[in-house]
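Visitor: Going by the numbering used here, the sequence shown runs without a break in its numbering and finishes at 932.
A single structure is presented below for examination.
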Amino acid sequence: MTALSFLRPRKSAICSLVFGISPQVFEKFGLFCPKIVKSFLNPCAHQSHIQSFWRVFPLGVLYSTQSSKLPEYEMPTVTWGAVQGRKEKLVSRVIICDYLKSLGIVPDELEHLELPSTVEVMRERVEFLQKLGLTIDDINEFPLILGCSVRKNMIPVLGYLEKIGIPRPKLGEFIKNYPQVLHASVIVELAPVIKLLRGLDVEKEDIGYVLQKYPELLGFKLEGTMSTSVAYLVSIGVNPRDIGPMVTQYPFFLGMRVGTMIKPLVEFIVSLGLPKKIVARMLEKRAYILGYDLGETVKPNIDCLLSFGIRKELLPSVIAQYPLILGLPLKAKMSSQQFFFDLKLKIDPAGFAQVIEKMPQMVSLHQHVIIKPAEFLLERGIASSDVAKMIVQCPQLLACRVPLMKNSYYFFKSDMGRPIKELVDFPEYFTYSLESRIKPRYQRLQSKGISCSLNWFLNCSDQRFEERLKGEFIETESLRPSFCMGGRLELPSNETIVSDDEDECDEQLHRRIVSL
């Protein structure tokens, strides 16, 4: 016997009139809420039940104008909109799983996930994801995405992602790469990460680009890996204002652990002879270096350089000039280039090692680019042995454009009228601009009647050239500066061109010899 059996017909009619619902619905309501219905027989006995009734029962049902019968158990909840009994839930789950299987979706991982009460709701989710560009295979990669409500999860998150700079056509690709974002709260989880990135000086217009490269950033804790990695880089000398550009270029370092990845790599590079400040400058310009695996790539590449004859004391210079060399498949490249130099340019392994020491970018230069300047010199009647000598002395020769070399050569022969031997002794001639340096300086020499070598009037700054023209004697020629392990940059004449102040030494060294 139900609670309604205690009500007289007149009492039931009055109650139904008060709440605006039919007697039949009121009777069915008594089946699952008998205590609340009983409270109308004795209004003072069950005040707490009545209050809970008003809090739970939706106003839309209480004041409904429809006279038709409502489906049984259709009491809206916070989640799906219907409260089901245990049996009904099992039936609905089976129906929904069959529907997913018919689409090719494997529902095994959804076993412990609360599913919607009807197939229509699940169909809406699947179709919404497909409109974004996700395929059935994409959904199978992360089937838990089907637990997200379209209106309460997907639409707010996608709207926020578009607002921070991810283009709408690329939202589908973003969800494919990081479907977990649809489970995140915009206010609690996503917005604080964006605020942190802005605090690191990442430009507002770059936020979308950064997240597309590394969407997992949205799942990081603010006080975790991101904060410690930034703090360590600043501690070794990275300028805090350069953190933002570093994140834009290579955001993955924010997810790297300092103790196991960043710090061991930095300390190993420093142990090779590079000062910390130089390493910091390298990282500011090329943050991707932090992604090189120390054990699998960096250490084997250093061993490879040594095995090919690169002198240990010159490793800092090689790395500073071409940091990318730490992460290349170096052994294969070096072997190929060494064979090419020996076969085509007649440069032995010892000469090849000197070329790499002076211009480490040579390991990545295409062979069809290398051969053209060499062929141009051979066509001018220069012996192959002399061409090899010129390349070893000035490897930058192989990176020159042949049309510019032709112009410089014709000026050398027609206007200067000098012998080829001077080019062999000073191949750097081809690396200077004909219009901005060679011609103007040569004309100044002619006007003053000064006769000198190519090295004397080309291998100096404009200020030093003017001083030489005003001098009463021609100073002895000197070799170019050399990179010395330990941080000191000295000229062969023992003239120190950096101060003894340790704080300034590294910066001077970087500005004068390292081109990042």
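Virtual Cβ for every residue (Gly too), placed ideally from N, Cα, C.
The model shown is predicted, which means the values in this text are computed figures rather than measured ones.
Which word fits residue 676, buried or exposed, when buried means at least 16 other C-beta atoms lie within 10 angstroms of its C-beta?
Guide: The count along the sequence shown starts at 1 and reaches residue 676 at position 260. Residue 676 comes out exposed.
Visitor: Using a Cβ-Cβ cutoff of less than 6 Å, which residues in the same chain neighbour residue 737 once the five nearest sequence positions on both sides are dropped?
Guide: For the purposes of this step, residue 737 is taken as residue 321 along the sequence shown, with counting starting at 1. 776, listed in sequence order.
Visitor: Just mark residue 620 as buried or exposed, buried being the case when its beta carbon has 16 or more other beta carbons within 10 Å.
Guide: One-based indexing of the sequence shown puts residue 620 at position 204. It is exposed - the Cβ of residue 620 has fewer than 16 other Cβ atoms within 10 Å.
Visitor: If you count every other CB in all the chains shown that lies within 10 Å of the CB of residue 654, and 16 or more means buried, which is it?
Guide: If you number the sequence shown from 1, residue 654 lands on position 238. Label assigned to residue 654: buried.
Visitor: Thinking just about the alpha-carbon of each residue, which of 835, 818, 565, 715 is nearest to the one in residue 601?
Guide: Residue 601 sits at position 185 when you count from the first residue of the sequence shown. Closest by alpha carbon: 565.
Visitor: Compute the distance between the beta-carbons of residue 803 and residue 813, then report whether it is under 7 Å.
Guide: As a working note, residue 803 is residue 387 in the sequence shown. As a working note, residue 813 is residue 397 in the sequence shown. It is not a contact, given that the beta carbons lie outside the stated cut-off.
Visitor: Are there 16 or more other CB atoms within 10 angstroms of the CB of residue 780, so buried, or fewer, so exposed?
Guide: The residue labelled residue 780 in the question sits at position 364 within the sequence shown. Looking at its Cβ environment, which holds fewer than 16 other Cβ atoms inside 10 Å, residue 780 is exposed.
Visitor: Rounding to the nearest angstrom, what Cα-Cα distance links residue 906 and residue 770 in this structure?
Guide: Here residue 906 corresponds to residue number 490 of the sequence shown, with the count starting at 1. Here residue 770 corresponds to residue number 354 of the sequence shown, with the count starting at 1. In this prediction, residue 906 scores a pLDDT of 38, lower than 50, which makes its location untrustworthy; the coordinate-derived value is nonetheless stated afterwards. If I take the Cα positions, the gap works out to 20 Å.
Visitor: Looking at the secondary structure, which residues open and close the alpha helix (DSSP H) in which residue 725 lies?
Guide: Here residue 725 corresponds to residue number 309 of the sequence shown, with the count starting at 1. Looking at the DSSP string, residue 725 is not in any alpha helix (DSSP H), and its letter there is neither H nor E.
Visitor: Could you tell me if residue 592 is buried or exposed, where buried requires 16 or more neighbouring beta carbons within 10 angstroms of its beta carbon?
Guide: As a working note, residue 592 is residue 176 in the sequence shown. Residue 592 is buried by the Cβ-count criterion.
Visitor: Can the beta-carbon of residue 559 be found closer than 7 Å to that of residue 594?
Guide: Sequence index remark: in the sequence shown, residue 559 carries index 143 (1-based). Sequence index remark: in the sequence shown, residue 594 carries index 178 (1-based). No, Cβ-Cβ distance for residue 559 and residue 594 is not below 7 Å.
Visitor: Less than 7 Å between the beta carbons of residue 645 and residue 672, yes or no?
Guide: Numbered from 1 along the sequence shown, position 229 holds the residue referred to as residue 645. Numbered from 1 along the sequence shown, position 256 holds the residue referred to as residue 672. Cβ atoms of residue 645 and residue 672: closer than 7 Å.
Visitor: Can you look up residue 937 in the DSSP assignment and give me helix, strand or coil?
Guide: Because the chain in this structure spans residues 417 to 932, residue 937 falls outside the shown range and cannot be described.
Visitor: Return the first residue and the last residue of the alpha helix (DSSP H) that residue 525 is part of.
Guide: To locate residue 525, count along the sequence shown from 1; it is residue 109. No alpha helix (DSSP H) contains residue 525, which DSSP labels as neither H nor E.
Visitor: Report the option in 838, 869, 832 whose CA atom is closest to the CA atom of residue 859.
Guide: The sequence position of residue 859 within the sequence shown is 443, counting from 1. The candidate whose alpha carbon is nearest that of residue 859 is 832.
Visitor: Which runs of the alpha helix (DSSP H) fall wholly inside the region 748-784 and span at least 4 residues, in chain order?
Guide: You should have 765-774.
Visitor: Pick out whichever of 627, 727, 548 has its Cα sitting closest to the Cα of residue 609.
Guide: Locating residue 609 in the sequence shown gives position 193, counting from the first residue. For residue 609, the nearest C-alpha among the options comes from 627.
Visitor: From residue 734 to residue 774, what does the alpha carbon distance come to, in whole angstroms?
Guide: Within the sequence shown, numbered from 1, the residue matching residue 734 stands at position 318. Within the sequence shown, numbered from 1, the residue matching residue 774 stands at position 358. Each residue's Cα considered, the two are about 7 Å apart.
Visitor: Please report how far the alpha carbon of residue 507 lies from the alpha carbon of residue 625, in whole angstroms.
Guide: Here residue 507 refers to the residue found at position 91 of the sequence shown. Here residue 625 refers to the residue found at position 209 of the sequence shown. If you take the alpha carbons of residue 507 and residue 625, they lie about 45 Å apart.
Visitor: Look at the Cβ atom of residue 545, then the Cβ atom of residue 569, and state whether they are nearer than 7 Å.
Guide: On the sequence shown, position 129 is the one that residue 545 refers to. On the sequence shown, position 153 is the one that residue 569 refers to. Not closer than 7 Å, so no.
Visitor: Does residue 767 pass the burial test, meaning 16 or more other C-beta atoms within 10 Å, or should it be called exposed?
Guide: Here residue 767 is taken as the residue at index 351 of the sequence shown, counted from 1. The residue in question, residue 767, is buried, as its Cβ has 16 or more Cβ neighbours within 10 Å.
Visitor: Give me the Cα-Cα distance between residue 518 and residue 552, rounded to the nearest whole angstrom.
Guide: Mapped onto the sequence shown, residue 518 falls at position 102. Mapped onto the sequence shown, residue 552 falls at position 136. About 11 Å.
Visitor: Which stretch, first to last residue, makes up the alpha helix (DSSP H) that contains residue 615?
Guide: Taking the first residue of the sequence shown as position 1, residue 615 is located at position 199. Here the alpha helix (DSSP H) through residue 615 covers 607-615.
Visitor: Which residue's Cα is closest to the Cα of residue 567: 579, 555, 537?
Guide: As a first step, residue 567 is located in the sequence shown; it is residue number 151 there, counting from the start. When only C-alpha atoms are compared, the closest one is 537.
Visitor: Between residue 709 and residue 743, what straight-line distance do the alpha-carbon atoms span, to the nearest angstrom?
Guide: Counting from one through the sequence shown, the residue named residue 709 turns up at place 293. Counting from one through the sequence shown, the residue named residue 743 turns up at place 327. Straight-line Cα distance between these residues: approximately 8 Å.
Visitor: With a threshold of 6 Å on Cβ separation, who are the neighbours of residue 513 within its own chain once the five nearest residues in sequence on each side are excluded?
Guide: Stepping through the sequence shown from its first residue, residue 513 is reached at position 97. If we look at residue 513 and ignore the five residues flanking it on each side, its Cβ neighbours are 523.
Visitor: Drop a sphere of 10 angstroms on the beta-carbon of residue 603, count the other beta-carbons inside from all chains shown, and report buried for 16 or more, exposed for fewer.
Guide: Here residue 603 corresponds to residue number 187 of the sequence shown, with the count starting at 1. Counting Cβ neighbours within 10 Å, residue 603 comes out exposed, since fewer than 16 surround it.
Visitor: For residue 555 and residue 562, which I take to be in contact (beta-carbon distance under 8 Å), what is that distance rounded to the nearest angstrom?
Guide: Sequence index remark: in the sequence shown, residue 555 carries index 139 (1-based). Sequence index remark: in the sequence shown, residue 562 carries index 146 (1-based). Right, the Cβ-Cβ distance comes to about 7 Å (below 8 Å), so this counts as a contact.
Visitor: Rounded to whole angstroms, what is the Cα-Cα separation between residue 504 and residue 542?
Guide: By one-based count along the sequence shown, residue 504 stands at place 88. By one-based count along the sequence shown, residue 542 stands at place 126. Near 22 Å, if we compare the C-alpha coordinates of residue 542 and residue 504.
Visitor: Counting along the chain, where does the alpha helix (DSSP H) carrying residue 680 start and finish?
Guide: Along the sequence shown, read from residue 1 onward, the residue named residue 680 stands at position 264. From DSSP, the alpha helix (DSSP H) with residue 680 extends over 679-687.
Visitor: Is the region 752-760 touching the region 703-720, taking contact as three or more C-beta pairs under 8 Å?
Guide: Touching, no.
Visitor: Do you know how far the Cα of residue 847 is from the Cα of residue 878?
Guide: For the purposes of this step, residue 878 is identified with residue 462 of the sequence shown, where counting begins at 1. For the purposes of this step, residue 847 is identified with residue 431 of the sequence shown, where counting begins at 1. Straight-line Cα distance between these residues: approximately 16 Å.
Visitor: If we ignore side chains and look at the alpha-carbon of each, how far apart do residue 495 and residue 686 end up?
Guide: Counting from one through the sequence shown, the residue named residue 495 turns up at place 79. Counting from one through the sequence shown, the residue named residue 686 turns up at place 270. Residue placement at residue 495 cannot be trusted, given a pLDDT of 45 that sits under 50; what the coordinates show is reported in the next sentence. Taking the straight line joining both Cα atoms gives about 57 Å.
Visitor: Between residue 741 and residue 692, is the Cβ-Cβ spacing less than 7 Å?
Guide: As a working mapping, residue 741 is identified with position 325 in the sequence shown. As a working mapping, residue 692 is identified with position 276 in the sequence shown. For residue 741 and residue 692, no; Cβs fall outside 7 Å.
Visitor: Find the nearest neighbour of residue 790 within the set 576, 835, 807, judged by alpha-carbon distance.
Guide: Taking the first residue of the sequence shown as 1, we reach residue 790 at position 374. When each option's Cα is compared against that of residue 790, the closest is 807.
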